[in-house]
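Working notes for the structure below.
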Amino acid sequence: MSKLSRNDACWCGSGIKYKKCHMDQDERLETLALQGIPIPDRTMIKTEEQIQGIAAACQLSKKILDIVSEKIGPGVRTIDIDQWVYDYTVMHGAYPAPLNYRGYPRSTCTSINEVVCHGIPDETPLLEGDIVNVDVTTILDGYYGDMSRMFLIGDVSPEARHLVKVAWECMHIGIEQVKPFNRIGDIGYSIEQHARRHNYSTVQDFGGHGVGLEFHEDPFVQHFGVRESGMVLVPNMVFTIEPMINQGTHRVKTLADGWTTVTADGKLTAQWEHTVRVTNNGVEILTA
Ligand code: MF3
Ligand code: CO
Ligand code: CO
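Heads up: the sequence shown begins at 46 in our numbering, then just goes up one per residue.
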């Protein structure tokens, strides 16, 4: 990377002079890098144009989940949900990112009860008392928006409802940590602390991820860990926060289908996911 001069056009494509655009931030990051702190490379910082495209994809994912929430209930099969997601996605000129992603066979993930993530829609009908995560990622005009929610099917036990509520709080507590020059470890730390307060554990084998131009980009966003560790956040990084919160052990196992991941002890798990953008002074939830 050749060093830009103060009066050159900024590398970010804004058309503004470097000194009035990313120069101060680059200098600050360079200082941190010299201290051994991981800093984002420029490919992790999205342009305004990319952000607009990603935001539109995120809004479509949210709309699809709104449709799901209106129709989901006891007796609905997870392939029915998959069909709604597929139909509504293509109707809007978009494509469901999971479909054929690394051999994944469906348009969405439906993870019931002890299924942590990547549950494959099938003939299984949802039953009264189930808790289910529906995870929707759309590709619109080449941009990705990733979001998931939990749904309570009929009358759900107080224990399951509590887990779902705490998982939601964990996601939002993580999101609150997103602001320039905070660290990815601040997100994971705050999430894990909140889970522990309720005697829950956080899954370590899966995490959030950069998203936007690809389905899964750097950085990896841990939902556990140490404050003031990990990569520094800067404006216009876009990534997901999607903590998987378990009633029992944090350990998970993946079934023979190569996708369905369940809690090692068979206890309940819950997950919520938003795609977020770092702003100049905080965070914007693109899937809100
Ligand atoms: N949407 C999931 C995530 O939040 C990834 C699903 S990958 C798939 O990262 F292939 F299972 F769809
Ligand atoms: Co994701
Ligand atoms: Co997702």
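The beta-carbon is built from N, C-alpha and C at its ideal position, and this holds for glycine as well. Remember, predicted model here, so these are calculated numbers, not experimental data.
Nearest C-alpha to Thr155 among Thr332, Glu329, Gly311 and Trp304: Trp304. In the three-state scheme derived from DSSP, where H, G and I count as helix and E and B as strand, Glu273 is classed as coil.
In terms of Cβ geometry, His295 and Gln249 form a close pair [threshold 8 Å]. In this structure, the CA atom of Val161 is about 45 Å from the CA atom of Tyr63. Just measuring C-alpha positions, the residue of His163, Gly252 and Pro288 sitting nearest Ala301 is His163. For His319, the enclosing beta strand (DSSP E) begins and ends at His319 to Val323. Put simply, of Lys91, Asn52, Arg147 and Asn326 the residue whose alpha carbon is nearest the alpha carbon of Gly257 is Lys91.
With 16 or more other Cβ atoms from the protein chains shown falling within 10 Å of its own Cβ, Met282 counts as buried. Our two residues, Ser202 and Ile232, have alpha carbons roughly 29 Å apart in a direct line.
No heavy atom of ligand 1 is found nearer than 7 Å to the CB of Tyr140.
For the pair Ile109 and Val181, the CB atoms are nearer than the 8 Å cut-off. Straight-line spacing of the CA atoms in Asn227 and Phe265 works out to 15 Å. Note: Gln316 is bridge-paired with Met289 in the DSSP secondary-structure output. Using a cutoff of 7 Å, the CB of Ser193 counts as near ligand 3, since one of the ligand's heavy atoms is closer than that. Between Asp191 and Thr285, the C-beta gap is smaller than 8 Å, which places the two residues in contact. Between the region 115-125 and the region 164-171 there are three or more C-beta pairs closer than 8 Å, enough to call the two in contact. In this model, Ser106 and Glu115 are separated by some 15 Å (Cα to Cα). When the beta-carbon positions are compared, Tyr245 and Val211 come within less than 8 Å of each other. The C-beta of Leu278 has 16 or more other C-beta atoms within 10 Å across all chains shown, which makes the residue buried.
For Gly253, the shortest separation between its Cβ and any heavy atom of ligand 2 lies below 7 Å. For Ala139, the closest of Gln104, Pro83 and Gln316 by C-alpha to C-alpha distance is Gln104.
For Ala205, the secondary structure class from DSSP, reduced to helix, strand or coil, is helix. Leaving aside the five residues that flank Asn325 on each side, the residues in its chain whose CB is nearer than 6 Å to its CB run, in chain order, Pro280. For His254, the enclosing beta strand (DSSP E) covers residues Gly253 to Gly255.
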